[in-house]
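Going by the working numbering, the sequence shown wraps up at 237, each residue one higher than the last.
The structure appears below as structure tokens.
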Amino acid sequence: MARDEARHAGFLNKAMSDFNITLDLGFLTKSRKYTFFAPKFIFYATYLSEKIGYWRYITIYRSLEKNSEFRIYPIFRFFESWCQDENRHGDFFAALMKSQKNLLTGTESRFWCRFFLLSVFATMYLNDLQRKDFYASIGLDAKNFDTYVIRKTNQSSAKLFPIILDIDNPKFFKILDKCAILNQTLINYDKQKTLKIIKFFKKAPILLLLGIYFLNLYFLKPIDVENTWENIF
């Protein structure tokens, strides 16, 4: 896994150098404090990040295979093997979690599976809708792309997690769209050249509303898939 990630970083560094961009992350160890995360949180988050990465990359790759005129940079030619790396990393963390039954059974595990699924899906959705122009440049609609990736990642998670999100509930994407609008409003406020105290009072009600929306998403009834495991493995 470390070897694969090093190779990915090499690809990205080469790509950035073509645009005269350099990235030095060494300063982070000096300027940022270390934060401890319990290993189980890392397992949930990494499994999902690898699986959603797989579906993102393979979807882009397949689209560009059919529409090569949108392959705006050579790095996209390597996405097939890249995405298979991500899929394999996800499978590794799935095996790791299966060896720790407490991570996948019981009330607490259902809480965390639900939380991390929603966190990863919402983060991607809100971020990608800010970058519609990029996705358009490679022939993709950001919203349709994210909807497909979320659906496939949710299905993949059913092979490991005891519950998955009910993304077919009409409220799910409707609420996410409202969150995306609010998130863009926050970004616009951050760009304004006004006093921090003024920004705070402008942003506070929006942050509160975002919190309410996320709670609504979290408490949408999930889909119980634990009883299907024996048919999957």
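The beta carbon of each residue, even a glycine, is placed where N, CA and C say it ideally should be.
These numbers were taken from a predicted model, which means no experiment stands behind them.
Under the three-state reduction of DSSP, which class applies to residue i: helix, strand or coil?
i: residue 171; result: coil
i: residue 145; result: coil
i: residue 227; result: strand
i: residue 98; result: helix
i: residue 42; result: coil
i: residue 165; result: coil
i: residue 135; result: helix
i: residue 75; result: coil
i: residue 197; result: coil
i: residue 91; result: helix
i: residue 82; result: helix
i: residue 5; result: coil
i: residue 129; result: helix
i: residue 103; result: coil
i: residue 237; result: In this prediction, residue 237 has a pLDDT of 41, which is less than 50 and means its spatial position is unreliable; nothing more can be read from the coordinates.
i: residue 56; result: helix
i: residue 108; result: coil
i: residue 27; result: coil
i: residue 37; result: coil
i: residue 21; result: helix
Going by C-alpha distance, which of the options is nearest residue i?
i: residue 84; options: 71, 103, 120, 64; result: 64
i: residue 43; options: 66, 37, 58, 116; result: 116
i: residue 45; options: 148, 219, 123, 127; result: 123
i: residue 170; options: 222, 37, 199; result: 222
i: residue 120; options: 89, 231, 154; result: 154
i: residue 50; options: 67, 15, 14, 5; result: 5
i: residue 179; options: 160, 216, 192, 209; result: 216
i: residue 86; options: 112, 228, 7; result: 7
i: residue 228; options: 110, 41, 175; result: 110
i: residue 103; options: 47, 18, 182, 200; result: 47
i: residue 193; options: 182, 181, 209; result: 209
i: residue 172; options: 41, 9, 165, 226; result: 226
Which whole-angstrom value is the C-beta distance of residue i and residue j, which I expect to be below 8 Å?
i: residue 94; j: residue 54; result: 4 Å
i: residue 76; j: residue 118; result: Wrong, their Cβ atoms sit about 37 Å apart, outside the cutoff.
i: residue 196; j: residue 203; result: 7 Å
i: residue 101; j: residue 56; result: Between residue 56 and residue 101 the Cβ distance is about 16 Å, and since that is not below 8 Å, they are no contact.
Legend entry - Any 3 or more C-beta pairs closer than 8 Å across the stretch 72 to 85 and the stretch 125 to 144: The answer is yes - the stretch 125 to 144 touches the stretch 72 to 85, with three or more Cβ pairs under 8 Å.
Legend entry - Validate contact between the stretch 172 to 188 and the stretch 125 to 138 using beta carbons, cut 8 Å, 3 pairs: Verdict: yes, contact present.
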